[in-house]
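Colleague:
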Amino acid sequence: MELREFFDRDAISLDLKGETKDEILKELIGLLGVDEKSEAILFKMLRRRENLGSTGIGRGIAIPHCRSLVVNRLRVAFGRKSNGIDFQAIDNNPVHYFFLIVAPPLEVSNQYLPVLGKVAQFAKEPDVPSRLAEIQTPDEFLNLLAEKAI
Amino acid sequence: MHPQLEILLQIQDLKAQRRDLAEVESERKVEEEEFQIDPEQAIQSIDEKIAELEGELTPSVRSRYERISRDRGRAVVPVINGICYGCFVSIPTSLASDVRRNDEVHHCDHCGRFIYVVS
Numbered sequence: 001m002e003l004r005e006f007f008d009r010d011a012i013s014l015d016l017k018g019e020t021k022d023e024i025l026k027e028l029i030g031l032l033g034v035d036e037k038s039e040a041i042l043f044k045m046l047r048r049r050e051n052l053g054s055t056g057i058g059r060g061i062a063i064p065h066c067r068s069l070v071v072n073r074l075r076v077a078f079g080r081k082s083n084g085i086d087f088q089a090i091d092n093n094p095v096h097y098f099f100l101i102v103a104p105p106l107e108v109s110n111q112y113l114p115v116l117g118k119v120a121q122f123a124k125e126p127d128v129p130s131r132l133a134e135i136q137t138p139d140e141f142l143n144l145l146a147e148k149a150i
Numbered sequence: 151m152h153p154q155l156e157i158l159l160q161i162q163d164l165k166a167q168r169r170d171l172a173e174v175e176s177e178r179k180v181e182e183e184e185f186q187i188d189p190e191q192a193i194q195s196i197d198e199k200i201a202e203l204e205g206e207l208t209p210s211v212r213s214r215y216e217r218i219s220r221d222r223g224r225a226v227v228p229v230i231n232g233i234c235y236g237c238f239v240s241i242p243t244s245l246a247s248d249v250r251r252n253d254e255v256h257h258c259d260h261c262g263r264f265i266y267v268v269s
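Residue numbers (the working numbering), protein chains in the order written: chain A, 1 to 150; chain B, 151 to 269.
(1) Is L245/B near the ligand PLP - that is, is its Cβ less than 7 Å away from at least one heavy atom of it?
(2) Please state whether DSSP places Y215/B in a helix, a strand or coil.
(3) Specify, as a first and last residue, the run of the beta strand (DSSP E) that L100/A falls within.
(4) Identify every run of the beta strand (DSSP E) within the region 62 to 135 of chain A, keeping only runs that are complete inside it and at least 3 residues long; order them along the chain.
(5) Is the distance from the Cβ of R263/B to the Cβ of V229/B below 8 Å?
(6) Quick one: grab the DSSP three-state call for I200/B.
(7) For the beta strand (DSSP E) holding G58/A, just list the boundary residues, first then last.
(8) Quick check: the Cα distance between K37/A and I29/A, rounded to an integer number of angstroms?
(9) In the region 112 to 123 of chain A, which residues sit with their C-beta less than 7 Å from some C-beta in chain B, listed in chain order?
(10) Mind checking E156/B: buried by the 16 CB within 10 Å criterion, or exposed?
(11) Measuring only between beta-carbons, confirm whether P105/A sits less than 8 Å from chain B.
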């Protein structure tokens, strides 16, 4: 399956409001539409993962990710913060684009790692940061994913 | 959600994270190469957090958790469509109804694992 097939329009925000790492993580989790308690558990897991080392891989892109029992299938979300925030990224530059990936500990189709790899590959495409800056609608984001055919 | 169930879910999530780092070579490689994580240091940090959370379990919950973890591996499993995803046996309808709210700590009558329902 290509990356495009994992994303829903509802889980895309091109105007994240958060100004801190925690606020952005909470906003991204909110895009998944899980209940409040599950949101809280996901936040703790993602925060702990960030404490092991930032998921900001450079070039303005971060890929917060974790496994959690509070989801029953792979869930992904995308968020953009035009001004960027300090996410303690590897290159120390502000992060503007966030790909959230959450999966249950045991998956029948085992998609978590392949999707994580595909997002990392997508992020390395030379034109991706500038293209992500230009998109105006969730459909344009989905079209970009489809165009890259990763 | 019952506070003890919430702790159990967090412990199980951390154990999944630890398993990926310690046992899944491809996952370990991604974390090392893409995110520049030191897996050994990360595992140590995860172990410390697991121990801290285990200390927050009540004696009765901890006793079952330790026994099930030792005997069956995963101590906490979801119930999906009325099936315990630890032993794949149907749970009684009356229990399924109670579990759905996740506001008490329940276990599967068949395998003994803690069970919960994903919203």
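Cβ atoms here follow ideal geometry from the backbone N, Cα and C, with glycine treated the same way.
Modeller: According to the structure data:
(1) Annotation note on the ligand PLP: not contained in the displayed structure, which lists no ligands.
(2) Three-state result, Y215/B: helix.
(3) 95 to 103
(4) 65 to 67, 75 to 85, 95 to 103
(5) no
(6) I200/B falls in the helix class under three-state DSSP.
(7) 56 to 58
(8) 12 Å
(9) L113, L116, G117, A120
(10) buried
(11) yes
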